[in-house]
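Numbered by our numbering, the letters in the sequence shown go through residues 623 to 1171 in order.
Below: the structure, in structure tokens.
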Amino acid sequence: MKRFLFALSLFIPFWLQAQIQYPVAKKENVVDDYNGVKVQDPYRWLEDDNSEETKTWVQKQNQVTFDYLSKIPYREKIRKRLEQMWNYPKYGAPFRKGDFYYFTKNDGLQNQAVWYRQKGLAGKPEVFIDPNKFSDDGTVSLGEINFSLNGKYAAYTIQKSGSDWQEGYIVDVATKKLLDEKLQWLKFTGFSWKGDEAFYYGRFPAPKDEDALKGKNINQQVFYHKVGTNQSEDKLIYEDKDHPQRFAAVGLTEDQRFLILNTSEGTSGGEIWFWDTRDPSQAKFGLLIPGFATEPNVVDNVGGKLLVQTNDGAPNYKIVLLDPTNPTKENWTTIIPEQKEVLQNVGTGGGYLFLSYLKDASTKTYQYTYDGKLIREIKLPGIGTAAGFGTEKKYSEFFYTFTSYNYPPTIFKYNITTGQSALFRKTEVKFKPEDYDVKQVFITSKDGTKVPVFLTYKKGLVLNGNNPTLMYGYGGFNVPTTPNFNPSVIFFLEQGGVYANVCMRGGSEYGEEWHKTGMMDKKQNVFDDFISAAECLMNNKYTNSGKLA
623 MKRFLFALSL FIPFWLQAQI QYPVAKKENV VDDYNGVKVQ DPYRWLEDDN
673 SEETKTWVQK QNQVTFDYLS KIPYREKIRK RLEQMWNYPK YGAPFRKGDF
723 YYFTKNDGLQ NQAVWYRQKG LAGKPEVFID PNKFSDDGTV SLGEINFSLN
773 GKYAAYTIQK SGSDWQEGYI VDVATKKLLD EKLQWLKFTG FSWKGDEAFY
823 YGRFPAPKDE DALKGKNINQ QVFYHKVGTN QSEDKLIYED KDHPQRFAAV
873 GLTEDQRFLI LNTSEGTSGG EIWFWDTRDP SQAKFGLLIP GFATEPNVVD
923 NVGGKLLVQT NDGAPNYKIV LLDPTNPTKE NWTTIIPEQK EVLQNVGTGG
973 GYLFLSYLKD ASTKTYQYTY DGKLIREIKL PGIGTAAGFG TEKKYSEFFY
1023 TFTSYNYPPT IFKYNITTGQ SALFRKTEVK FKPEDYDVKQ VFITSKDGTK
1073 VPVFLTYKKG LVLNGNNPTL MYGYGGFNVP TTPNFNPSVI FFLEQGGVYA
1123 NVCMRGGSEY GEEWHKTGMM DKKQNVFDDF ISAAECLMNN KYTNSGKLA
């Protein structure tokens, strides 16, 4: 394929543009007065997405768009190459539960990944759950799935037609048959099993008929459900009528002793409650960490004390041990102090802790003892994103996934005792990873802040200022922009393009301060970071303004 195929919308022939006749959008004389300031809104009629006028306008716009796209001479070649690149088997990392190893697999272009299981790593895989068979039209999807303590049952949710509302079902693992019970009005929940006989879950009160499909998320409750009973018999464990807009998530520590309740009022900040199920004198949740100013997370139970990840007094997070019977901060013991890099995730397995940090937006993972002694760094293939570090205490190995811009998601098996990673499953995509370079540069933003940028391109790139370049950035909501594999990006690189991923402020690449300096009255920093990255690419002869998007 020739270099002129390098993008879909950026480099369309000018002769096609000249042929476009856009439909005229009606203007109305609509003016709002905000404290004496008049603001015109001539297209407000388009806000009514159910009107015939809006429907007609959309149809005309679509006709122009698809007529235009259909005349691009190389569009079919692009479609075929993209389909070829996306059509590869996609595996999830396996995990062990009961008698089986479970994993997900998408054969290539399936709408949803299928759940498989096998006995032993050399066993023959068999389908466990195939969400593609939930409905003929593909509008029912699989949500959460959680296995009981010994793997006897699995509880899962389904979602219909993209709704947030979920229905819950229980499957007998031995027979793969559903039990005769159904849970309704679930949303934003999983299932935390108590043994093989029951689980905790969150749900909302059943809405009135006219409100059934509306997005009112208020009065979330936590219930206890026993296998083999109707939902109407479930026991209410928690509700907070005084704060109906709070969300609640519940989970058990691995040893099943402590029931942990996380409550939140938004996308950040939360408090933690606990219930010692082995203490007959405790009849309700006790407050462990109050307030919503920090983001704590219980990692595990250690002899009746709780190991907690927290950013209280440590913006990049630390690990502390606290006694739930006396949880004031003065009594906390720091197990692993805050590091220079932000702590992104904590996993447990084989009696060890696995801490994953972001080092300049790339994963670095370390193995520690429960008392904070560093055992080793887990060696990863290079710049990239890794996840899946953890398993149950009784196992000595687990599987994690590593990926990068030129590195399709690859699964490794990790030996907890020796610290050795072994390739378990390599993803086969129809391209040559060795033909591409990935590097990280640091640009200087308008206020002098150093901002990381990942660059990916074909080896042998000539810095002549004339390379088509695609920039991406997010910069918000405390979400980090880390390396990932995208076949559509590889297609662009095949045509001689340069892909630039800008890790702008507003994300969590460098902790809470990086997040705060890209929000609210400091939001301009995000745009300045992106603009500065573009200027740097042009100044260093990667591209020019006419070929940068």
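Where a beta carbon is used, it is the ideal one built from N, C-alpha and C, also for glycine.
Tell whether a beta-carbon distance below 7 angstroms holds between residue i and residue j.
i, j, result
"P1105", "S1130", "no"
"L808", "T761", "no"
"V1075", "A1155", "yes"
"T885", "A870", "yes"
"D1151", "V1063", "no"
"N849", "E819", "A small fix is needed here, since residue 849 is Val in this sequence, not Asn. Cβ distance < 7 angstroms, so V849 and E819 count as in contact."
"P918", "I911", "yes"
"F1046", "I1033", "yes"
"V1051", "P1031", "no"
"T970", "D934", "no"
"V920", "I958", "no"
"P753", "Q781", "no"
"F1020", "Y1036", "yes"
"G720", "E766", "no"
"V1060", "I1005", "yes"
"N1086", "V1120", "no"
"R1140", "G1097", "Contrary to the premise, residue 1140 reads as Gly rather than Arg in this sequence. Yes, Cβ-Cβ distance for G1140 and G1097 is below 7 angstroms."
"L691", "N709", "no"
"I840", "Q806", "no"
"G873", "S785", "no"
Using only the alpha-carbon positions, how far apart do residue i and residue j sit?
i, j, result
"G1168", "Y644", "24 angstroms"
"Q740", "K727", "13 angstroms"
"M623", "Q1117", "Low per-residue confidence applies at M623: pLDDT is 43, beneath 50, and the placement is therefore not dependable, though the value from the model is reported in the following sentence. Using only the alpha carbons, I get a separation of about 8 angstroms."
"E675", "S978", "53 angstroms"
"L801", "F750", "15 angstroms"
"I1038", "T1023", "16 angstroms"
"L743", "L1077", "37 angstroms"
"F628", "T1007", "At F628, the pLDDT of 42 sits below 50, so the modelled position is not reliable and the matter cannot be decided from this model."
"D729", "V659", "57 angstroms"
"K863", "Q842", "9 angstroms"
"F626", "Y822", "Below a pLDDT of 50, predicted positions are generally treated as unreliable, and F626, at 38, falls in that range; the measurement from the model is reported next regardless. Distance between the alpha carbons of F626 and Y822: 57 angstroms."
"L632", "N1028", "The predicted model places L632 with a pLDDT of 47, which falls under 50 and marks its position as unreliable, so this point remains unresolved."
"K1016", "G1082", "49 angstroms"
"P937", "W897", "28 angstroms"
"T1091", "E1135", "30 angstroms"
"F717", "E952", "39 angstroms"
"T875", "S1043", "27 angstroms"
"K798", "W737", "12 angstroms"
"Y1094", "E963", "23 angstroms"
"M1160", "L1170", "9 angstroms"
"D877", "L668", "56 angstroms"
"K1080", "Q1146", "33 angstroms"
"L630", "R697", "In this predicted model, L630 has a pLDDT of only 43, less than 50, meaning its place in the structure is not dependable enough to derive any value."
"D654", "K1138", "33 angstroms"
"L996", "Y988", "7 angstroms"
Among the options, which residue has its Cα nearest to the Cα of residue i?
i, options, result
"L965", "I957, L943, Q989 and Q931", "Q931"
"L944", "K906, T956, P937 and D1059", "T956"
"F914", "W895, E876 and G1012", "W895"
"F1099", "Q989, P1109 and G1128", "G1128"
"Y723", "T851, W708, P747 and K648", "P747"
"G925", "G908, P946 and K906", "P946"
"D663", "F769, G994, S1026 and K648", "K648"
"E855", "G784, V680, K804 and D831", "K804"
"S770", "I997, L731 and G817", "G817"
"E960", "V942, G720, W667 and F907", "V942"
"V646", "T678, G1070 and G892", "T678"
"R879", "T899, N1147 and F826", "T899"
"K682", "I642, D655 and G714", "I642"
"T916", "G1133, M1141 and Y1058", "G1133"
"R666", "E650, D655 and Y656", "E650"
"W954", "N967, L980, K927 and V968", "K927"
"T580", "G908, E999 and V1111", "This structure gives no information on residue 580, because the portion of the chain shown stretches from 623 to 1171."
What do you reckon, is the C-beta of residue i under 6 angstroms from a heavy atom of the ligand NAD?
i, result
"G720", "No copy of the ligand NAD appears in this structure; indeed no ligand is present at all."
(message) Does the stretch 770-777 come into contact with the stretch 790-800, if we say contact requires no fewer than three beta-carbon pairs (one atom in each stretch) closer than 8 angstroms?
(response) yes
(message) At 3 residues or longer, what runs of the beta strand (DSSP E) sit wholly inside the stretch 1089-1129?
(response) 1091-1095 and 1120-1124
(request) Quick one: which unbroken beta strand (DSSP E) runs of 3-plus residues sit fully inside the stretch 1021-1097? Chain order, please. (result) 1029-1037, 1043-1047, 1058-1066, 1072-1080 and 1091-1095
(message) Threshold first: 4 residues or longer. Then list the alpha helix (DSSP H) segments lying entirely within the stretch 765-808, N to C.
(response) none
(message) Below 8 angstroms, how does it come out for the stretch 967-978 and the stretch 1124-1141: are there three or more Cβ pairs, yes or no?
(response) no
(message) Please give the ranges of any beta strand (DSSP E) in the stretch 882-920, keeping only runs that are unbroken, at least 3 residues long and fully inside the region.
(response) 892-898 and 908-911
(message) Can you confirm whether the stretch 698-707 touches the stretch 676-690 when touching is taken to mean that 3 or more C-beta pairs between the two stretches lie within less than 8 angstroms?
(response) no
(request) Could you pull out every unbroken alpha helix (DSSP H) segment of at least 4 residues lying fully inside the stretch 679-757, listed in chain order? (result) 697-708
(message) As an exercise, report each continuous beta strand (DSSP E) stretch of at least 3 residues that is fully enclosed by the stretch 940-996, in chain order.
(response) 940-944, 955-958, 964-971, 974-981 and 984-990
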